[in-house]
Each structure stands twice: as C-alpha cells, then as structure tokens.
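Participant: Protein chains in written order, with the numbering used here: chain W, 549 to 894; chain V, 150 to 382. My structure is below; once you've seen it, I'll send some questions.
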Amino acid sequence: MKSSMYELQNLRTLYGEKPVLDIQSLSVYEGEILGLVGSNGSGKSTLLRHLAFLEAAQSGKLHYCGFDAASLPLATRRDISILLPEPYLLKRTVRENLLFGLKVRGEAHNADQRVHEALELVGLLPKKFMHRSWHELSSGETQRVALASRLVLHPKTLLLDEPTNSLDYSGIPQFTDAILHANREWGTTIVIASHDLSWLSEIATRKIGLHFGRMMDFSTTNLIVGKWRESGDERFFDFDATQSMSLPKSYRIGEKRGVAINPRDISVSFGTPNACEENRVYLNGTIRDVLHITKTNEISLKIMIGNHLLECIESFEQFECHHFYPSQYVTVSFEKSAIKVPSKEP
Amino acid sequence: MDFILSGLKEAFGLLINLDPETISAIDVTLKSSTLSIVFSILIGLPLGFCLGFFNFPGRKALKLLSDTLLAIPTVVVGLIVYAFISNRGPFGSYELLYTLPGIVIGQTILALPIIVSLSATAVEGMEKKLYLTLASFGLTTIQMIQSVVWELRHALVAVAVAAYGRVVAEVGIAMMIGGNIKWFTRTITTAISLETNKGEFATGIALGLVLISIAFLLNFMLFFLKKRARIAV
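Structural data, given as structure tokens:
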C-alpha cells in the first residue's frame, strides 16, 4: 500500500449558509491519478483549492504529507502545483511564464533546458513559442503554456481543474501524454476535476464522484435528480408517464440531492422479463450508445428511459453473448438497495 | 482676430528661436512637476498598494478620505502649504516660500491622493485569477508584492501619467507658493496667466502650445498603457 499524500476528515466549507463541501473522509495516495467527477457546483473546484492550500475550509482536517495548513513549510507547499480553470498567464513572454516558478524557488539551474522539455511535453515547439507574448496565444495554446509552467517545476502533486476545457480533440492526446509523463517519470500524484467523463476514465486510476459537496463511492453518471411524488408510504420517481421507481418514505430523499445508482449494479436483458422480483425495479428503454472501456475491459451502455439517460456497465463476456447495439429495445433492472441516497443532511 | 493670428506667428518664432524667457518657464515647469511626481510615487505607491491589497480595519474610511482628496482644489493646497511655510508658519525658518522646493512640496501634496487612490483602485481591481495564480506558486509575501506590482505595471504607470497631467497643468500652487518670479519660479501656467494680463499674447500662446503638446504626449502614453493593461489573458 502506498503512503497517502493527503488525509481529509470531516472537511466542511460553507458559502454563506449553503454547504459547498462536506467530505467525511478521503485519502489521496502517492503516485495515483485521482479523478473528481461531478456536475457544476458539486464542489470539485473548491476541493482542489483546499488541496492547493489557496483557500481554507471552515472546519475539519486537511493534512498534506502530515502537515496541516498552519504547519506546512513553504518548501513542502511548493511541491503542490495547481492549474486553475481558464488559466491566467502572467503578462510576460512564454519563456518568462515558465521561468517564473523556477525563479521564485531559486532553481535557476538548467532552467532553459527545463523550459524546453516542458514546452515539448505539452506539444509546443520551443523555438516557435519561447519568445511569444502572453497576448499572442490562442486559448488552447494558453492552456498548454499554463500546464507547461506547472510541469517545468516537476511538482510532487499536480492539481488540474478542468484542464481540457479550451482544448480541441486533436490537442487532448498530447495533453494526456504530458500528464501521464509527469505521473510515470516523476511519480507525480495527480488530482483532476473534469466534466469530460470518458477522458477522465481513460487517464484516472481512481474516480470519486462529488454531488452537492458530498462524496459518492462511484462516478455520478447515474445521478437522478428531480421531483419525487408522494403516495401512501412510498415516494415515486417517474421516468415517463408509465414507468416509475419507488422508495419507502423512510429514505430521506432531498429533492435537490437526488439519488445515484451504481452503473455496475444494473443488469440489462432483452424483452420483458419472465419473473418480476419484489425488490427489483424494472424499466424499459432504448440503447443509445455502446462504448468499450479498454482499461477494465467492460462495456458501457447508455440507455434512454423516458427522459433520463442511465449508464449500465456490463462485462465484456456478457457483451459477447448478447451483442448489444444502439436503438435496441431492452429492459434494465436493479435491486432497490442499489439506489443510493447521498449521506444525510449535515 | 488679427492679434490672435499675429500672436500665433510670434509664438512659433519664440519657440523656434528658443527664447530664453520661454525656455526658463518650461524648464521650471518640467523640473517642479517631475520632482513632485517622483516624491508622490515614492510615498503614494506603497500607501496605495497597502490600501488596495491588505484588509485592515479602517481601510474603507481611508479609501474614502483619499478619494475625497482627489478633488481638492489646487488653491486650497496652495493656501495650506503657504500657511505652513510662510514666515509666520511653523516651517517659516526654512525659507521655502517663493522657491522651487516650495512648489515641489505643494505639487507633491496635490499628486499624492491621485497616486494613492488610483493605485489602490488598480490593485483592488486586480483579477482574482491573477491573485490565485500567483498564490499557487507558493510565493513569500515579498515575492507576492513584487509580482503583483510587475503584473499591474501598465495600470500603475498609467496612474503616474494621469497624476503628472494634473500637476503639470495646475496654476494655483505655482502662483501662490512660487510667486511667478521670472527666471526662478515662473512656470508655464503662471506665465500664461501673467502674460495674458499684460496683453502679451504671443508668449502666452507659445507656452499654451507647449502645454497642449505635453498634454497630448501624456494622453498618447495613457492610451497605449491602458490598452496594454487591458490585454489580460
């Protein structure tokens, strides 16, 4: 087991009255690439700013290499580098931007060589870009220079907030390689927050989902947010006019918080099932998308049920037997116990 | 109408022939305003930076005071400085009245609130992204201050240029403290005022042209500095 870089416990942050982050317990291990998933306002950026010690949480414990914010030595704090969303370049040339971090650390040794290396890593020709000014770059180039000026520092921990936002598809592979290079060659621990789920699945060794500041133990793709209708002792969620799922009232379902269903807990079959079990939910839908997850050799199926898209993950063997394809009419089912309600209100 | 045209003609003659009286007034003006800007930057920029960057009790009140002093009439500054440095005043023994250093003191006081207020506004209005980016590099406080000043350099130079424009064109302090003494404390503005009273339009117009040129040059610089300051990302 690798040692942990970050230890978080009961970390809470409020903006005014509203809790934006509430993490019970989280460890970030040395050398891992941790993906943070979640919709807008789920607290991803706030968590990254806490991890970078740019912003302090209201309460709770946040330790980096055993230090808390107060005892963290400047040299250790400088091992952490963060790339903010829509990165800001200093009003200097590309070279000066890359040298800035080295200069403040007093690491002038081999500086130009390191600048070259970092620019090449992010796919910018040093000769062409070194002496460009900050305002002579496109948004994609700005993003790469911003990453390069973090990579040049060979950080121990690299925090990336929506790093692929201003990149087009052709730019992403090079960017991915640069991040993986840092991880493999320098052992950099990386935490990435991104909307781009498929990209994140490709690069991250572990993913955690955030929803309204709370952590889920799996990705939040199957987050179902919406109104639940009350009837008798149950609450009902309607997928469309004829299909719904229900939970007992004892489940405290916050209207805004929604529920989540682990995509691996959902099974897919053709036609109407023969026997219906009491504790299972059965829904009919159409396959929209079939995707092979290379890393785990699994098949991700996106299934449209009423107005909601549900992701199911099946093993590759299962796929070989059944051959799912888009536009296919299928039945999905899952145990009621697979419906997870985010931890109770603080 | 004729006297204006002949005055204009004569004015160009004075400037081309480098008339010593005219040159002396230009010289005094440039000396006094440059020195006062240097002093007001040395005192005002650190104050303005602190006012805009750090959060401390009474900050808003100080900012309000400084903003109010932006509009202080030059004759009021002249009056106050006069009271302090005239023979009966507390600093009378330094004999600063009707001297160039006297004018410099007055104009420094005039420029100070401009430098403090506008630089505080520039630092305050600094993008949060710039601050977070700098902070993310793990800077010491000194490195942070250096970097912020350097990143805002265009905006801060624009502040100094704006203050210079106000000082170079003011007449109240130069008249009351300097006394408009030929060869010594006669500045462009006091000369224009006096020569016009005497009916000597040519000298007045010549000096007016110089003042307008300076104003144009300053605004030309401001235009480019502001453009630079705007190109952020």
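Beta carbons: idealized from backbone N, C-alpha and C, even for Gly.
Of the choices LEU556/W, PRO621/W, SER881/W, GLN866/W, whose alpha-carbon is the least far from that of GLN572/W?
Facilitator: When each option's Cα is compared against that of GLN572/W, the closest is LEU556/W.
Participant: Assuming LEU706/W is part of the beta strand (DSSP E), what are its boundary residues?
Facilitator: Counting along the chain, the beta strand (DSSP E) containing LEU706/W begins and ends at 705-709.
Participant: Can you give the Cα-Cα distance for LEU620/W and ARG836/W, rounded to whole angstroms?
Facilitator: Roughly 49 Å separates the two Cα atoms.
Participant: Against chain W, does GLU349/V count as a neighbour if the rule is that its beta carbon must be under 8 Å from one of theirs?
Facilitator: No, because no Cβ of chain W sits closer than 8 Å to the Cβ of GLU349/V.
Participant: Could you check which residue in GLY586/W, SER881/W, ARG812/W has the C-alpha nearest to that of THR820/W?
Facilitator: Nearest of GLY586/W, SER881/W, ARG812/W to THR820/W, Cα basis: SER881/W.
Participant: Counting only the same chain and skipping the five closest in sequence on each side, list residues whose C-beta sits under 6 Å from that of LEU574/W.
Facilitator: Same-chain partners within the cutoff: LEU556.
Participant: For the beta strand (DSSP E) containing CYS860/W, name the first residue and the last one.
Facilitator: Start and end: 856-863.
Participant: Would you check if the region 691-704 of chain W and the region 647-663 of chain W touch, i.e. whether three or more CB-CB distances between them fall below 8 Å?
Facilitator: The answer is yes - the region 691-704 of chain W touches the region 647-663 of chain W, with three or more Cβ pairs under 8 Å.
Participant: Can you list, in chain order, the residues of its chain with a C-beta nearer than 7 Å to that of LEU301/V? Leave out the 5 residues immediately preceding and following it.
Facilitator: The residues are ALA271, VAL272, MET275.
Participant: Under 8 Å Cβ-Cβ, which residues of chain V neighbour ILE630/W?
Facilitator: Those are SER285, listed as they occur along chain V.
Participant: Is there contact between the region 668-684 of chain W and the region 707-724 of chain W, where contact requires at least three CB pairs shorter than 8 Å?
Facilitator: Yes, they touch.
Participant: According to DSSP, what are the bridge partners of LYS755/W?
Facilitator: Answer is GLY583/W.
Participant: In chain order, what residues of the same chain have a beta carbon less than 7 Å from the beta carbon of GLU778/W, not counting five sequence neighbours either side?
Facilitator: Excluding positions up to five away in sequence, the list is empty.
Participant: Any C-beta of chain V sitting closer than 8 Å to the C-beta of PRO894/W?
Facilitator: The predicted position of PRO894/W is uncertain, since its pLDDT is 38 and thus under 50; a value taken from the coordinates is nonetheless stated next. No, PRO894/W lies away from the interface with chain V (no Cβ there is under 8 Å from its Cβ).
Participant: With a cut-off of 8 Å, does the C-beta of VAL652/W fall near any C-beta of chain B?
Facilitator: The displayed structure is made up of protein chains W and V, and chain B is not among them.
Participant: So does the region 191-203 of chain V actually touch the region 354-365 of chain V, counting three or more Cβ pairs closer than 8 Å?
Facilitator: Not touching, per the Cβ criterion.
Participant: Which residues in chain W sit within 7 Å of GLN256/V, going by Cβ to Cβ distance?
Facilitator: Residues of chain W passing the Cβ test: none, with the nearest at roughly 31 Å.
Participant: Am I right that ALA617/W and ALA604/W are in contact with their C-beta atoms under 8 Å? What's the rounded C-beta distance?
Facilitator: Confirmed, Cβ separation roughly 6 Å.
Participant: Give me the Cα-Cα distance between ILE192/V and SER215/V, rounded to the nearest whole angstrom.
Facilitator: Taking the straight line joining both Cα atoms gives about 14 Å.
Participant: Examine the Cβ distances between the region 257-268 of chain V and the region 220-239 of chain V and report whether three or more of them are shorter than 8 Å.
Facilitator: Verdict: yes, contact present.
Participant: Does PHE677/W have its Cβ less than 8 Å from a Cβ in chain V?
Facilitator: No, because no Cβ of chain V sits closer than 8 Å to the Cβ of PHE677/W.
Participant: In chain V, what lies closer than 8 Å to LEU602/W by C-beta?
Facilitator: Within chain V, the residues near LEU602/W are LEU281, ALA284, SER285.
Participant: Might you give, ordered along the chain, the residues of its own chain that have their beta carbon closer than 6 Å to the beta carbon of MET370/V, omitting 5 neighbours on each side?
Facilitator: Excluding positions up to five away in sequence, the list reads VAL310.
Participant: May I ask you to verify whether the region 154-173 of chain V touches the region 229-240 of chain V, counting CB pairs closer than 8 Å and requiring at least 3?
Facilitator: Counting Cβ pairs under 8 Å, fewer than three are found: no touch.
Participant: How many angstroms separate the CA atom of GLY591/W from the CA atom of VAL187/V?
Facilitator: Using only the alpha carbons, I get a separation of about 48 Å.
Participant: Taking Cβ positions only, does GLY589/W come closer than 8 Å to chain V?
Facilitator: False, the Cβ-Cβ gap to chain V never drops below 8 Å.
Participant: Taking just the CA atoms, how far does LYS676/W sit from ILE756/W?
Facilitator: In a straight line, the C-alpha of ILE756/W is about 39 Å away from that of LYS676/W.
Participant: Applying a beta-carbon distance threshold of less than 9 Å, which residues of chain W neighbour GLU273/V?
Facilitator: Result: empty, since nearest Cβ-Cβ is about 17 Å, beyond 9 Å.
Participant: PHE872/W and VAL816/W look like a contact to me (Cβ under 8 Å); what is the Cβ gap, rounded to whole Å?
Facilitator: At roughly 7 Å, the Cβ-Cβ gap stays under 8 Å, so PHE872/W and VAL816/W are in contact.
Participant: DSSP beta-bridge partners for MET764/W?
Facilitator: In the DSSP output, where bridge partners are listed per residue, MET764/W has GLY757/W.
Participant: Could you work out which residues of chain W lie near LEU288/V, taking near to mean beta carbons separated by less than 7 Å?
Facilitator: Here the neighbours are VAL652.
Participant: For TYR636/W, does the count of other Cβ atoms within 10 angstroms reach 16, so buried, or fall short, so exposed?
Facilitator: Flag for TYR636/W reads buried.
Participant: Starting from the N-terminal side, write out each stretch of the beta strand (DSSP E) that is 3 residues or longer and does not extend beyond the region 602-669 of chain W.
Facilitator: Those beta strand (DSSP E) runs which fall completely within the region 602-669 of chain W and span 3+ residues are 607-612, 628-631.
Participant: Alpha carbon to alpha carbon, what distance is there between SER173/V and THR336/V?
Facilitator: Cα to Cα, THR336/V sits roughly 8 Å from SER173/V.
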